[in-house]
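Trainee: One structure, pasted below without further comment.
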């Protein structure tokens with residue numbers, strides 16, 4: 001079916017004539033010469049003077065050009081029949097802690113000591129890519145929580161944005177409650193059985209406006225299942241002590257994370273190494289996808305290049321015709337006159 005996406009643009013059709021009424025007439029800068037033998041001049045030139053043409057004939061080419069431009073701007077398109085797009089899977093938000101302690105290098109990846117956030121990026125990147133059929137989003141939280149990537153089927157982009165996350169981008173503290181609250185706000189409009197939050201943190205709640213348990217109870221009311229993942233080696237396993245002998249591994253508040261999972265109907269996981277995190281990903285993969293209502297999409301073929309191309313060709317034809325007529329008059333003026341010899 002043929003239709004215009006923006007048909008209201010045709011309301012601009014009388015704009016040139018309105019401007020002509022409002023604005024003063026343009027001065028060509030050439031002197032006008034009135035002669036009483038215009039008919040003889042037209043006969044010699046083989047064409048009628050533009051001033052003798054009816055007004056509609058003078059304006060018709062430009063009116064047609066204007067309508068072609070309006071037709072292209074109104075976005076003509078050929079729209080097909082609605083086609084169902086089945087959607088199945090989960091609406092899964094990843095909330096990743098980017099506070100200062102996530103920079104602590106007590107994890108190992110490919111026989112190298114890496115920071116906790118680096119390991120999360122490496123393994124959760126593959127986890128995101130494998131969520132075929134799921135809408136995936138990303139929340140980064142520190143002192144505050146930010147929605148870094150909304151729920152989308154574009155898993156590749158979500159992975160890239162996770163890889164670009166840096167320590168301290170959201171502050172140095174850990175606002176677990178705010179991260180859960182933001183996730184609930186984004187998931188509450190989605191189908192009830194598909195709302196999942198995976199919360200990755202290495203510490204206790206030290207910032208934010210909402211207490212973690214208050215946010216967890218709100219999530220339970222909205223049907224959001226929370227799967228907290230506590231990351232970090234055990235204190236005795238950490239290879240390097242922090243400043244003044246302090247080990248951030250002691251900060252992890254496991255009782256609270258256990259309670260958050262229990263209240264919301266999820267499960268708590270502990271990731272002490274890369275192998276633990278892989279097993280956690282496999283456990284999350286066993287979540288059954290939930291069918292959602294299919295969405296309808298109508299394929300549309302854009303047709304605006306046709307009137308736009310016609311306007312371009314027509315304007316070129318007008319310019320070439322005008323320049324050709326001017327060139328002809330100039331050549332005629334340069335032709336030497338033949339004088340009759342006197343007897």
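Residue numbers (UniProt numbering): 1 to 343.
Positions of the beta carbon are idealized from the N, C-alpha and C atoms, including for glycine.
Bear in mind the structure is a predicted one, so any value in this text is a computation, not a measurement.
#1: Do the segment 263–276 and the segment 226–234 meet, that is, are 3 or more Cβ pairs less than 8 Å apart?
#2: If you draw a straight line from the C-alpha of residue 309 to the C-alpha of residue 161, how long is it?
#3: What is the residue span of the beta strand (DSSP E) that residue 269 lies within?
#4: Among 21, 18, 67, whose alpha-carbon lies nearest the alpha-carbon of residue 307?
#5: Measuring only the C-alpha atoms, how far is residue 106 from residue 118?
#6: Apart from the five residues just before and just after residue 159, which ones in its own chain have a Cβ nearer than 7 Å to its Cβ?
#7: If you reduce the DSSP assignment to three classes, tell me which class residue 67 lands in.
#8: For residue 297, write down the residues that DSSP places opposite it in a beta bridge.
#9: Helix, strand or coil: how does DSSP classify residue 3 here?
#10: Using CA atoms only, rank isn't needed, just tell me which of 151, 146, 142 is closest to residue 135.
#11: Would residue 133 and residue 94 qualify as a contact pair, given that the criterion is a beta-carbon distance under 9 Å?
#12: As an exercise, report each continuous alpha helix (DSSP H) stretch of at least 4 residues that is fully enclosed by the segment 192–242, in chain order.
#13: Within the continuous beta strand (DSSP E) that includes residue 16, where are the two ends?
#14: Going by DSSP, name the residue or residues bridged to residue 107.
#15: Between the C-alpha atoms of residue 193 and residue 3, what's the straight-line distance to the nearest angstrom?
#16: Could you work out which residue in 301, 156, 273, 20 is closest to residue 112 when comparing CA atoms only?
#17: Who pairs with residue 95 in a beta bridge, going by DSSP?
#18: In whole angstroms, give me the CA-to-CA distance for residue 282 and residue 256.
#19: Hey, could you find the ends of the beta strand (DSSP E) residue 165 is sitting in?
#20: Are the Cβ atoms of residue 142 and residue 181 separated by less than 9 Å?
#21: Please classify residue 20: is it buried, with 16 or more other beta-carbons within 10 angstroms of its beta-carbon, or exposed?
#22: Between the C-alpha atoms of residue 345 and residue 217, what's the straight-line distance to the nearest angstrom?
Mentor: Let me spell this out:
#1: Under the 8 Å Cβ criterion, the segment 263–276 counts as touching the segment 226–234, having at least three qualifying pairs.
#2: The residue labelled residue 309 in the question sits at position 309 within the chain shown. The residue labelled residue 161 in the question sits at position 161 within the chain shown. Across the structure, residue 309 and residue 161 are spaced so that their CA atoms are roughly 40 Å apart.
#3: If you number the chain shown from 1, residue 269 lands on position 269. From DSSP, the beta strand (DSSP E) with residue 269 extends over 269–271.
#4: One-based indexing of the chain shown puts residue 307 at position 307. If we check each option's Cα against that of residue 307, 67 comes out closest.
#5: Residue 106 sits at position 106 when you count from the first residue of the chain shown. Residue 118 sits at position 118 when you count from the first residue of the chain shown. Rounded to the nearest whole angstrom, the CA to CA distance from residue 106 to residue 118 is 11 Å.
#6: Counting from one through the chain shown, the residue named residue 159 turns up at place 159. So the list reads 125, 128, 129, once near-sequence residues are dropped.
#7: Here residue 67 refers to the residue found at position 67 of the chain shown. In this structure, residue 67 counts as helix in the three-state DSSP scheme.
#8: For this step, residue 297 is matched to residue 297 along the chain shown. As a beta-bridge residue in DSSP terms, residue 297 pairs with 83.
#9: Stepping through the chain shown from its first residue, residue 3 is reached at position 3. Per DSSP, reduced to three states, the secondary structure at residue 3 is strand.
#10: For the purposes of this step, residue 135 is identified with residue 135 of the chain shown, where counting begins at 1. With respect to the C-alpha of residue 135, the residue from 151, 146, 142 having the closest C-alpha is 151.
#11: Against the chain shown, residue 133 aligns to sequence position 133. Against the chain shown, residue 94 aligns to sequence position 94. Cβ distance not < 9 Å, so residue 133 and residue 94 don't count as in contact.
#12: If we require 4 residues or more, the alpha helix (DSSP H) runs fully inside the segment 192–242 come out as 212–221.
#13: Residue numbering aside, residue 16 sits at position 16 when the chain shown is read from its first letter. Careful: residue 16 lies outside any beta strand (DSSP E), inside the alpha helix (DSSP H) at 15–22.
#14: Here residue 107 corresponds to residue number 107 of the chain shown, with the count starting at 1. Within the DSSP bridge table, the entry for residue 107 names 114 as partners.
#15: By one-based count along the chain shown, residue 193 stands at place 193. By one-based count along the chain shown, residue 3 stands at place 3. Distance between the alpha carbons of residue 193 and residue 3 is about 39 Å.
#16: As a first step, residue 112 must be located in the chain shown, where it is residue number 112. Here the closest residue by C-alpha is 273.
#17: Counted from its first residue, the chain shown places residue 95 at position 95. According to DSSP, which records beta bridges pairwise, residue 95 is partnered with 139, 199.
#18: Counting from 1 along the chain shown, the entry for residue 282 is found at position 282. Counting from 1 along the chain shown, the entry for residue 256 is found at position 256. So the alpha carbons of these two residues sit roughly 24 Å apart.
#19: Here residue 165 refers to the residue found at position 165 of the chain shown. Where residue 165 is concerned, there is no enclosing beta strand (DSSP E), given that its DSSP letter is neither H nor E.
#20: As a first step, residue 142 is located in the chain shown; it is residue number 142 there, counting from the start. As a first step, residue 181 is located in the chain shown; it is residue number 181 there, counting from the start. Taking 9 Å as the Cβ cut-off, residue 142 and residue 181 do not qualify as a contacting pair.
#21: The sequence position of residue 20 within the chain shown is 20, counting from 1. Its Cβ having fewer than 16 others within 10 Å, residue 20 is exposed.
#22: Because residue 345 is not part of the residues shown, which for the chain are 1 to 343, the question remains open.
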